[in-house]
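Participant: Each residue of the sequence shown is one higher than the one before, starting from 20 at the first, in the working numbering.
Using N, Cα and C, we set each Cβ at its ideal position, and we do this for glycine too.
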Amino acid sequence: PTEVEMGEAKALPYASLLGVCQYPSAYTRLEMRYAMSILSRWRTKRGKVHFAILVKSLEYGYETRKMGLKYGGTLEKGKTNVLEGFADSSLSLPRSQGCRCVMMNGAAISLTSKRHTTTDDSTAAAELTECYLCACDIEGYRNLMAELGLEQLEPTTIWQDNQAAIQIAMNRGALAKKSRAMDLKVLTLRNKVEDMKCVPIYLKTSEMIADIGTKALDPKLFCYLRDKLCGYWKGEKD
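#1: Just to confirm, is the Cβ distance from Leu130 to Arg119 under 9 Å?
#2: Going straight from the alpha carbon of Met189 to that of Cys217, what length do you get?
#3: Strictly by DSSP, which residues pair up with Ala18?
#4: What are the residues that DSSP puts in a beta bridge with Cys242?
#5: Grouping DSSP H, G and I as helix and E and B as strand, with all else coil, what is Tyr221?
#6: Taking only the alpha-carbon atoms, compute the straight-line gap between Ala127 and Val23 and give it to the nearest angstrom.
#7: Could you tell me which of Thr47, Ser108 and Lys64 sits nearest to Glu27, measuring between CA atoms?
#8: State whether the stretch 148–158 contacts the stretch 98–113, with contact taken as three or more CB pairs (one from each stretch) at a distance under 8 Å.
#9: Who are Glu103's beta bridge partners in DSSP?
#10: Which class does Gln171 belong to by DSSP, given the choice of helix, strand or coil?
#11: DSSP state of Lys247, grouped into three classes?
#12: So for Arg60, helix, strand or coil by DSSP?
#13: Can you tell me which of the three DSSP states Ser108 falls into?
#14: Under 9 Å, do Leu102 and Tyr53 count as touching if we go by C-beta distance?
#15: Throw me the rounded Cβ distance for the Gln179 and Leu244 pair, which I believe falls under 8 Å.
#16: What residue does the alpha helix (DSSP H) around Ser76 start on, and which one ends it?
#17: Return the chain-ordered list of same chain residues with a C-beta closer than 8 Å to the C-beta of Glu213, the five sequence neighbours on each side being excluded.
#18: Which whole-angstrom value is the C-beta distance of Glu170 and Met164, which I expect to be below 8 Å?
#19: Would the stretch 58–77 and the stretch 223–242 be scored as touching if the rule is three or more Cβ pairs under 8 Å?
#20: Grouping DSSP H, G and I as helix and E and B as strand, with all else coil, what is Gly117?
#21: In whole angstroms, what is the alpha-carbon distance linking Thr2 and Cys242?
#22: So, Tyr251 versus Met86, is the Cβ gap smaller than 9 Å?
#23: Taking all protein chains shown into account, do 16 or more other C-beta atoms lie within 10 angstroms of the C-beta of Lys253, making it buried, or fewer, making it exposed?
#24: The alpha helix (DSSP H) that contains Asn162, what's its start and end?
#25: Taking just the CA atoms, how far does Gln41 sit from Thr83?
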């Protein structure tokens, strides 16, 4: 925004309204995380356009206030209390926007949508960074569930929509010149795969639930992924 636009929006209660919208996104309206992540970047430099978008987010949150996280409604046979992860990232400069979520019993138990702390120089690098972060989350949940007597007997699936990232994570071939900077995270991820704590498996982009936290989607795809994320999906895609 220009100096004039920022001056016009100076009196608008942007920060307080952002806090109101962020609260439900942290607990039950997980699909709002991406919007909150983007809007938070304009906390100090914003115009009327940013405030209008924030108001639209508030309207969405109000209209969907009766929706929550519905567990157990779409369980497949043999998948009770079984963790699964989704990791996705959109390559952008200076830092990519990544999203990862961990689900169990038909709905999400955690979702994170934020920019990476490092600069990614390729799509595979961006995807591997988010896959590594998702693997770390999953290991924490596996340890917690083991303490509760719900030990995960099989490696936890991490759904990925990038074949190159999967190949690197599965330790198939040496890292290319562009990938050498990713050694530490890649080797850590490979160790988790070799220790049978997690395994990356390909999933087409249109079914990637974590895509809801990496970019703005068209309404139809957004609602479809939201319903899968929150446990309201009935098993049929419109």
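Facilitator: So, from the listed chains and residues:
#1: Taking the sequence shown and counting its residues from 1, one reaches residue 130 at position 111. Taking the sequence shown and counting its residues from 1, one reaches residue 119 at position 100. Result yes, Cβ atoms of Leu130 and Arg119 sit closer than 9 Å.
#2: Counting from one through the sequence shown, the residue named residue 189 turns up at place 170. Counting from one through the sequence shown, the residue named residue 217 turns up at place 198. Each residue's alpha carbon lies about 11 Å from the other.
#3: Any question about residue 18 goes unanswered here, given that the chain covers just 20 to 257.
#4: One-based indexing of the sequence shown puts residue 242 at position 223. Paired residue(s): none; Cys242 is not in a bridge.
#5: Counting from 1 along the sequence shown, the entry for residue 221 is found at position 202. Tyr221: strand per DSSP, three-state reduction.
#6: Along the sequence shown, read from residue 1 onward, the residue named residue 127 stands at position 108. Along the sequence shown, read from residue 1 onward, the residue named residue 23 stands at position 4. Between Ala127 and Val23, the C-alpha separation is close to 42 Å.
#7: Locating residue 27 in the sequence shown gives position 8, where the first residue counts as 1. Residue Lys64 is the option with its Cα nearest to Glu27.
#8: yes
#9: Locating residue 103 in the sequence shown gives position 84, counting from the first residue. Answer is Met122 and Thr176.
#10: Within the sequence shown, numbered from 1, the residue matching residue 171 stands at position 152. If DSSP states are grouped into helix, strand and coil, Gln171 belongs with coil.
#11: Mapped onto the sequence shown, residue 247 falls at position 228. Lys247: helix per DSSP, three-state reduction.
#12: By one-based count along the sequence shown, residue 60 stands at place 41. Three-state result, Arg60: coil.
#13: On the sequence shown, residue 108 is found 89 positions in, with the first residue counted as 1. Three-state result, Ser108: strand.
#14: Numbered from its first residue, the sequence shown carries residue 102 at position 83. Numbered from its first residue, the sequence shown carries residue 53 at position 34. No. Outside cutoff.
#15: Counting from one through the sequence shown, the residue named residue 179 turns up at place 160. Counting from one through the sequence shown, the residue named residue 244 turns up at place 225. Contact doesn't hold; Cβ gap of about 16 Å is too wide.
#16: Here residue 76 corresponds to residue number 57 of the sequence shown, with the count starting at 1. Where Ser76 is concerned, the enclosing alpha helix (DSSP H) stretches over Lys67 to Glu82.
#17: As a first step, residue 213 must be located in the sequence shown, where it is residue number 194. Closer than 8 Å at the Cβ level, and outside the excluded window around Glu213, lie Asn190.
#18: Walking along the sequence shown from the start, residue 170 turns up at place 151. Walking along the sequence shown from the start, residue 164 turns up at place 145. Contact holds; Cβ gap of about 7 Å.
#19: no
#20: Working through the sequence shown from its first residue, we reach residue 117 at position 98. In this structure, Gly117 counts as strand in the three-state DSSP scheme.
#21: No statement about residue 2 is possible, as the shown extent of the chain runs from 20 to 257 and does not include it.
#22: By 1-based counting over the sequence shown, the position of residue 251 is 232. By 1-based counting over the sequence shown, the position of residue 86 is 67. Yes, Cβ-Cβ distance for Tyr251 and Met86 is below 9 Å.
#23: Here the question's residue 253 lines up with position 234 in the sequence shown. Lys253 should be labelled exposed.
#24: To locate residue 162, count along the sequence shown from 1; it is residue 143. Where Asn162 is concerned, the enclosing alpha helix (DSSP H) stretches over Thr142 to Glu166.
#25: Residue 83 sits at position 64 when you count from the first residue of the sequence shown. Residue 41 sits at position 22 when you count from the first residue of the sequence shown. In this structure, the alpha-carbon of Thr83 lies about 14 Å from that of Gln41.
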